[in-house]
Ligand SMILES: Cc1cc2nc3c(=O)[nH]c(=O)nc-3n(C[C@H](O)[C@H](O)[C@H](O)COP(=O)(O)O)c2cc1C
Ligand code: SF4
């Protein structure tokens, strides 16, 4: 696949690692683990066609670094040495096809419905209620913060021992690291809150602890928001997030993937249409919401879908305007995620210097052979951004749940096996 003249099929260097292509499979939570967080054959079944299709780098869905940081049922964890052999099997299955794989490490913080995820309680930088789920977390003590930092490092070291080619710290989408960075969710008055440097401290400590365990040559990258997208609330905007990225580049981070939004933002993170998504949520976390939230959701989801459809219309490369600003300030690679499906748009983004690589989630869920299809200029099943898959996170194994697209996908995969 390397004779193509497009920049998309040239190498991207992340730290000391060379990735032979610039279209990456971004993290999509799998809902394919055992109930206690072990990787399974279902993970391999999901990723293997992508590897066979030539994708050079897969970033896993987020793995919890400690049990209290879990966000959904059937999520993979990296919180225990006993999990290493199953993770190793997953990694080796990808390496057998020349695909490299990074593990995304995460702590959900307040963005969880504890009874749904099966954890005792939610914690965060401060006790600020999450308006999307109604979860009010408990503020972490300094001793607990230090423990979580260590757990990020331990989990990353396990990922390295399992053979992962790198790790990605999830610092976006409103999870715990993002909760420390953002004034809206961080009201602390100690060393971890207030000034920019204090709000950065948790992320910086997590990075330093990971780096101390995995060594200087191991790729450690970060997923950051280009905007928290929290109108009327003190969420982070692009200039301060770029400042975070610059500080982390100085620390030694190897690349930044730029995304957008938190749970409370609505759906800027996965633009498209939302009827299928919201309806599918009724069978998942919604069942665990408080009574009045359940009633409101059941009554008003069609209206919410109409509003979200207007507010968060799909457009290709929807985070590029953020990525461009990161690119201007950084020397390390900038990866842009968000709505990419067509080769021309991806190529233009890289050629125009808006980013160094693109990453794709739903496009690969609908068409695991997307990389080959883009390379060969042939077409496969095309994601229609209905977000049915998003509505089933934690309830069904990650897959395409649009009937027509799924039929095409299944037929393509069946033909591959014959
Ligand atoms: C089913 C699903 C699960 C996701 N899980 C994660 C996750 O675990 N970690 C993460 O950083 N982003 C997650 N995302 C967000 C994607 O990584 C990506 O930012 C978003 O889907 C936009 O990219 P796309 O338009 O190419 O799908 C998920 C998205 C989907 C659709
Ligand atoms: S078409 Fe499939 S992959 Fe795309 S958003 Fe809908 S369910 Fe998800």
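Residue numbers (my numbering): 7 to 424.
Note that the Cβ used here is the ideal one computed from N, Cα and C, for glycine as well.
As assigned by DSSP and simplified to three states, the class of residue 410: helix
Is any heavy atom of ligand 2 found at a distance shorter than 8 Å from the C-beta of residue 395? yes
Less than 8 Å between the CB of residue 383 and some heavy atom of ligand 2, yes or no? no
Pairwise C-alpha distance: residue 57 and residue 413: 21 Å
Excluding the 5 residues flanking residue 222 on each side, which residues of the same chain have their C-beta closer than 8 Å to its C-beta? 258
Top-ranked residue by Cα proximity to residue 265, from 126, 278, 245, 234: 234
For residue 66, does the three-state DSSP call read helix, strand or coil? strand
Name the residue from 191, 343, 49 whose alpha carbon lies nearest to the alpha carbon of residue 270. 191
State yes or no: is the C-beta of residue 68 nearer than 8 Å to some heavy atom of ligand 1? yes
CA-to-CA distance, residue 62 to residue 122, given in whole angstroms: 34 Å
So for residue 119, helix, strand or coil by DSSP? coil
Through-space distance from residue 339 to residue 381, alpha-carbon basis: 22 Å
Buried or exposed: which applies to residue 334, given that a residue is buried once 16 or more other Cβ atoms fall within 10 Å of its Cβ? exposed
Short Cβ contact (9 Å threshold) for residue 66 with residue 29: no
Distance between beta carbons of residue 282 and residue 392, contact taken as under 8 Å: 5 Å
By how many angstroms is the C-alpha of residue 55 removed from the C-alpha of residue 420? 11 Å
Name the residue from 416, 351, 138, 167 whose alpha carbon lies nearest to the alpha carbon of residue 296. 138
For the 8 Å Cβ check, are there 3 or more pairs between the stretch 90-99 and the stretch 112-130? no
With three or more C-beta pairs closer than 8 Å as the rule, is the stretch 176-192 touching the stretch 235-249? yes
Relative to the C-alpha of residue 35, which candidate in 389, 25, 416, 48 has its C-alpha closest? 48
What is the DSSP secondary structure of residue 25, counted as helix, strand or coil? strand
In chain order, which alpha helix (DSSP H) runs of at least 4 residues are fully inside the stretch 109-194? 120-123, 148-167, 182-187
Given that a residue counts as buried once 16 or more other Cβ atoms are within 10 Å of its Cβ, and exposed if not, what is residue 416? exposed
Helix, strand or coil for residue 243 per DSSP? coil
Which stretch, first to last residue, makes up the alpha helix (DSSP H) that contains residue 309? 297-317
Residue closest to residue 172, alpha-carbon to alpha-carbon, out of 111, 305, 279: 111
Taking buried to mean at least 16 other C-beta atoms within 10 Å of its own C-beta, is residue 76 buried or exposed? buried
Within the same chain, show all residues whose beta-carbon is closer than 7 Å to that of residue 240, passing over the 5 residues directly before and after it, in chain order. 189, 190
Quick one: is the Cβ of residue 399 within less than 8 Å of any heavy atom of ligand 1? yes
Proximity to residue 41 [Cα-Cα], best of 125, 64, 117, 102: 125
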